[in-house]
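Asker: Quick one: the structure is below, and I'll ask about it shortly.
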Amino acid sequence: LRDYSAFLLAVVSGGADPTTGARVLSPLSAARMLQDLTATLGPEVPFSACPYGNPRLGLSCLGEVQRRGLEPTKWFDGVRGVRLWGGAASTAFKFDPNGGRPILVVLVTQVLPQDDGATISALLAGVRALVGP
Numbered sequence: 001l002r003d004y005s006a007f008l009l010a011v012v013s014g015g016a017d018p019t020t021g022a023r024v025l026s027p028l029s030a031a032r033m034l035q036d037l038t039a040t041l042g043p044e045v046p047f048s049a050c051p052y053g054n055p056r057l058g059l060s061c062l063g064e065v066q067r068r069g070l071e072p073t074k075w076f077d078g079v080r081g082v083r084l085w086g087g088a089a090s091t092a093f094k095f096d097p098n099g100g101r102p103i104l105v106v107l108v109t110q111v112l113p114q115d116d117g118a119t120i121s122a123l124l125a126g127v128r129a130l131v132g133p
């Protein structure tokens, strides 16, 4: 958990650990890991390139990217720009750029069957309410 969280924190902080300043990635590499790669395919992204066949979801190196117009569900809260990944044993992270006040939440439970996404979404919503836009 510590290594995974430290890595994610460095990625969303431009490649450097914000607590030590140690650089683990170049700023360009960190930005590319967060980039919506399916958006680079052009204005008409193929259905097969979208997660779950949903054109309002993109993919980055770290997981899904919520796009404009995404309907909220348990996993996806509909907030544009949120990056997320949910693993099989209820391991998940969400990163919300939050208009310049970024939020990263990580949840690791190792519980099967997989959580339905409601827990990590509620955690992000709670932190978002505390931090504000």
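Per the UniProt record's numbering, the very first residue in the sequence shown carries number 1; after that it's consecutive. From the three backbone atoms N, C-alpha and C, an ideal C-beta is built for every residue, glycine too.
Please report how far the alpha carbon of A22 lies from the alpha carbon of A16, in whole angstroms.
Answerer: By 1-based counting over the sequence shown, the position of residue 22 is 22. By 1-based counting over the sequence shown, the position of residue 16 is 16. Going by the C-alpha atoms only, they are around 5 Å apart.
Asker: For D3, count neighbouring Cβ atoms within 10 angstroms of its own Cβ and tell me buried if that reaches 16, exposed if not.
Answerer: By one-based count along the sequence shown, residue 3 stands at place 3. Its Cβ having fewer than 16 others within 10 Å, D3 is exposed.
Asker: At the level of alpha carbons, what is the spacing between C50 and L123?
Answerer: Against the sequence shown, residue 50 aligns to sequence position 50. Against the sequence shown, residue 123 aligns to sequence position 123. Computed Cα separation, rounded: 25 Å.
Asker: Residues bridged to E64 by DSSP?
Answerer: For the purposes of this step, residue 64 is taken as the residue at position 64 of the sequence shown. Looking at the DSSP assignment, E64 forms a beta bridge with L59, L84.
Asker: Check the C-beta distance from G42 over to R56 and give it rounded, since I have them as a contact under 8 Å.
Answerer: Here residue 42 refers to the residue found at position 42 of the sequence shown. Here residue 56 refers to the residue found at position 56 of the sequence shown. Rounded, the Cβ-Cβ distance is 16 Å, inconsistent with contact.
Asker: From the DSSP output, which residues share a beta bridge with K94?
Answerer: Taking the first residue of the sequence shown as 1, we reach residue 94 at position 94. Answer is L84, V105.
Asker: For A125, which three-state DSSP category applies?
Answerer: Residue 125 sits at position 125 when you count from the first residue of the sequence shown. Of the three classes helix, strand and coil, the one that applies to A125 here is helix, per DSSP.
Asker: Put A22 into one of helix, strand or coil per three-state DSSP.
Answerer: Mapped onto the sequence shown, residue 22 falls at position 22. Coil at A22, not helix or strand.
Asker: Between R128 and N98, is the Cβ-Cβ spacing less than 8 Å?
Answerer: Start at 1 with the first residue of the sequence shown, and residue 128 comes out as number 128. Start at 1 with the first residue of the sequence shown, and residue 98 comes out as number 98. A contact, by the Cβ cut-off of 8 Å.
Asker: Can you pull the DSSP bridge partners for A30?
Answerer: On the sequence shown, position 30 is the one that residue 30 refers to. Bridge partners of A30: none, in fact.
Asker: Per DSSP, which residues does A89 bridge with? Please list them.
Answerer: Your numbering for residue 89 matches position 89 in the sequence shown. Beta-bridge pairing links A89 to no other residue.
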